[in-house]
Amino acid sequence: MPSCLLELPCDVVLAILKFIEFDDILSLLATCTALRSLSDSRVLWLDVLQQMKTDESQPLPCFEHQDLSLLELQSLQKIAMHKRRLERNWHTESPRVRGSIQAYSFDQHLEVLWVIPGSTLVLLHHFTQSMLVLWDFAESEALDMLPVGRTVYRFRISPKPGQQRMVLLASDSEYSGDGLATDFRVVDINYLPEGRRPFIHHRMHVPLYPSNAYPFVDGDEFGFVSDNYDETFDVKIFHLGTQTCYHFQVAVGPIIAGFHLRSFLYDGDFYLSIDDEEGFRVHHFPFPLYSASKVHQTTIVNDVPFILYSKTRVSESSTLDSGVPISRLTAISSDYDGDPLHPHTSLHFWPVSAISTPGTPSLQFYPGFETTLHGQICGSLTPDEGHLLLFRAASGRHALFLRWMGMDVVESDRYRLTLVHYHRDASALKLRDLPLPHFIPLAEVNSIALDDRRGVVILADSLGTLYTISYA
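For what it's worth, UniProt numbering labels the leading residue of the sequence shown as 1, then goes sequentially.
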C-alpha cells in the first residue's frame, strides 16, 4: 500500500474507495493493517451498498424501499456479503443450495401465492380453510390470516413503500357453478417499519359480475376487465384515494375464440393484451382517470392496435401463452410445440421502458429476442396466475419455472426447476437448472415462488408441505 494513501485523512480515503470494486475493497481491508479499522465504518458500507444498487442485474437482498441509513453496521455488512454470495452462485453453471432446506408440514392443501421480496414473508392460500395467510418462514409462524374463499383464480401484486397491494379473484366454494370467480378483493400486506408486526389489511370486497374477469392494479388504482362477447370489454377501475369508480368499454375488433387475455394499468393508461390464433398484440387505451364525474362511461375504439408481437400457432396442438410486463421491465410470451415425447418451448422476451412524451403510450416496448427450451413449461407463463408459474421476480431480471421434459425422459429427471436471468442490454438469456435433493417431489409441486433479492425459492406440494431453499 503506498504510504501517501495512508497519510490521507479518513474521509478522503473513503471517497477514493467509492471508485474501487467491492472484491478489491475486501482484499484491501484484509491485507492492509492500517486500513483494517475502516471495516467498522458505516460510511464505507453505505457507500458500498449505494454502488451495488446501481447494478440492475441483481437487486439488494432487502426490502425494495428500505432506508439503508437506518440500519446498523452489522446489517449493512450482511446485505453486502449476501448479495456477493448470491451473484457468485447464480452466475455459475451449477448453482448450489446453501444451508439446509426447510420443510413445513401443513397437512392440508395450500398454494404459494407470493413472497415479499427481500423478506422472510410469504403469502399462502389455505384451500381447506379458505384463508389467505401471511407466513414468516424464518419464525415458522402465521402472522395474520384473512378469509378470501376456497379457490383463488387470479391475482395481481403492486409494490408500494412498506407494503404490497394485492387484488384477487376468488370463490367461496370449491367450484362456483361454472368454475369461475365470484368475489373481487383488495388487500394490503404491510411490513414496514421494522419492529412492527406485519399484517394484512382488507381494503375492499365487492361481488364479481360477470365472473369471466381479469384483475389489474397499479398503486391506488385497481380493477378488472370482463368480456362482453361482442368484440368489446367492460373495464371497471376503482381509486382508493377518491373512492371513485370508473366504468367504460373498450373495443378491440375481431377476436378468435379460445383467446388469452391479460390487462394492466400504468400511469393513467389502460393496456389490454390479447393472444389468439392470429398472434399476440397489446392494445393501449388512454382515459381520463381523474374525471370530475363519479362514473365515467364511454366507448374507446382502438383503430390501430399498438402491436407488441405477432405469431401464428406452430401446429394445431400448439399453444401460445402471453405475458404482461414483469415489474414494468420485461414482457414475456411462450410457444409450446405440443410434442408429448420431445416437447420444446420458445420463450420471447422484450424490454419495456416508461416514457413521458405527451400523446404517446406510457410504456414503450422494444424488439427483443427468443430462446428455445427442451421441455414444456408447467402452467401459465403469466405472473398473475396463482398456479404453476412463471411468477415475476422482485427486480424483473429473474424468472423461475418448472419444466416437464417429456415422456422420453426417465421419471426421476422428468421435471426440472429452471432459473432465467435476463438483462435488457444482453442479447441472450442465461438459463440455469437449480439442483434440488430427490426428497422434494417436483411432480407433486403445485405452486412456486421466487425472491431474487435474497435468492430464495419456495415450493408447495399437493401433500401440504412447504419448502424454502436458499442459494445465498
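Even glycine gets a Cβ: it sits at the ideal position worked out from N, Cα and C.
DSSP state of residue i, grouped into three classes?
i, result
"Lys160", "strand"
"Phe264", "strand"
"Asp11", "helix"
"Gln74", "helix"
"Asp413", "helix"
"Ile377", "strand"
"Ala257", "coil"
"Ile16", "helix"
"Leu68", "helix"
"Ser462", "coil"
"His82", "helix"
"Asn228", "coil"
"Gly455", "coil"
"Leu38", "helix"
"Leu134", "strand"
"Leu450", "strand"
"Leu442", "helix"
"Glu278", "coil"
"Glu88", "Residue identity check: residue 88 is Arg in the sequence provided, not Glu. Reduced to three states, the DSSP call for Arg88 is helix."
Taking the C-alpha atoms as reference points, what is the distance between residue i and residue j?
i, j, result
"Ile189", "Ile200", "5 Å"
"Leu466", "Leu132", "15 Å"
"Leu459", "Asp55", "28 Å"
"Pro147", "Leu168", "12 Å"
"Ser158", "Ala449", "16 Å"
"Tyr266", "Arg42", "38 Å"
"Leu8", "Asp40", "18 Å"
"Pro383", "Arg156", "Note that Pro383 scores 36 on pLDDT, short of 50, meaning its location in the model is unreliable and no value can be drawn from it."
"Ala181", "Ile469", "32 Å"
"Ser100", "Leu436", "11 Å"
"His65", "Pro117", "10 Å"
"Gly223", "Glu278", "27 Å"
"Ser135", "Leu28", "A small fix is needed here, since residue 135 is Trp in this sequence, not Ser. Roughly 41 Å between the two C-alpha positions."
"Gln77", "Arg36", "14 Å"
"Tyr415", "Gly375", "9 Å"
"Ile20", "Cys10", "16 Å"
"Ala34", "Arg85", "27 Å"
"Thr244", "Tyr191", "27 Å"
Would you kindly report the start and end of the unbroken beta strand (DSSP E) that includes residue i?
i, result
"Ala251", "244-251"
"Glu111", "110-115"
"Arg197", "Element bounds for Arg197: n/a, residue is neither H nor E."
"Tyr214", "213-218"
"Tyr467", "465-470"
"Leu60", "Segment: none, Leu60 is in no beta strand (DSSP E) and carries neither H nor E."
"Phe184", "183-190"
"His398", "398-404"
"Val97", "It is not in any beta strand (DSSP E) - Val97 carries neither H nor E in the DSSP assignment."
"Val122", "121-126"
"Pro147", "141-147"
Any heavy atom of the ligand FAD within a distance shorter than 7 Å of the CB on residue i?
i, result
"His284", "Although the ligand FAD was asked about, the structure shown includes no ligands whatsoever."
Assign residue i to buried or exposed, taking buried as 16 or more other Cβ atoms, counted over all protein chains shown, within 10 Å of its Cβ.
i, result
"Lys18", "exposed"
"Tyr209", "exposed"
"Ala138", "exposed"
"Arg453", "buried"
"Ser395", "In this prediction, Ser395 has a pLDDT of 46, which is less than 50 and means its spatial position is unreliable; what the coordinates show is noted afterwards. Result: buried."
"Leu261", "buried"
"Ser94", "exposed"
"Arg281", "buried"
"Pro207", "exposed"
"His91", "exposed"
"Gly268", "exposed"
Shortest alpha-carbon distance to residue i belongs to which of the options?
i, options, result
"Pro254", "Asp230, Ala34, Leu436, Phe106", "Asp230"
"Leu44", "Phe22, Thr31, Thr33", "Phe22"
"Arg432", "Ala142, Tyr415, Leu400", "Leu400"
"Lys83", "Val13, His239, Pro59, Phe63", "Pro59"
"Glu411", "Ala213, Arg453, Leu341, Arg454", "Leu341"
"Lys430", "Thr418, Trp404, His202", "Thr418"
"Val186", "Gln51, Met204, Val409, Asp172", "Met204"
"Tyr471", "Pro343, Pro61, Tyr246", "Pro61"
"Ala142", "Gly149, Thr120, Arg150", "Thr120"
"Phe184", "Arg197, Gly219, Ser226", "Ser226"
"Ala103", "Asn446, Leu123, Leu71, Ile440", "Ile440"
"Leu442", "Ser171, Arg197, Glu194, Leu402", "Leu402"
"Asp172", "Ala213, Thr128, Met145, Gly195", "Thr128"
"Leu113", "Arg85, Gln164, Lys160", "Gln164"
"Val48", "Asp144, Val152, Leu26, Ser130", "Leu26"
"Glu87", "His421, Val445, Glu444, Leu70", "His421"
"Phe106", "Ser140, Ser273, Phe216", "Ser140"
"Asp232", "Gly241, Gln249, Asp218, Trp90", "Looking at the sequence itself, residue 232 is Thr, so the reference to Asp does not match. When only C-alpha atoms are compared, the closest one is Gln249."
"Leu240", "Ala213, Gly195, His202", "His202"
"residue 473", "Ala251, Asp218, Ile256", "The structure shown does not extend to residue 473, since the chain spans only 1 to 472, so no value can be given for it."
Between which two residues does the alpha helix (DSSP H) carrying residue i extend?
i, result
"Met52", "42-53"
"Leu29", "22-31"
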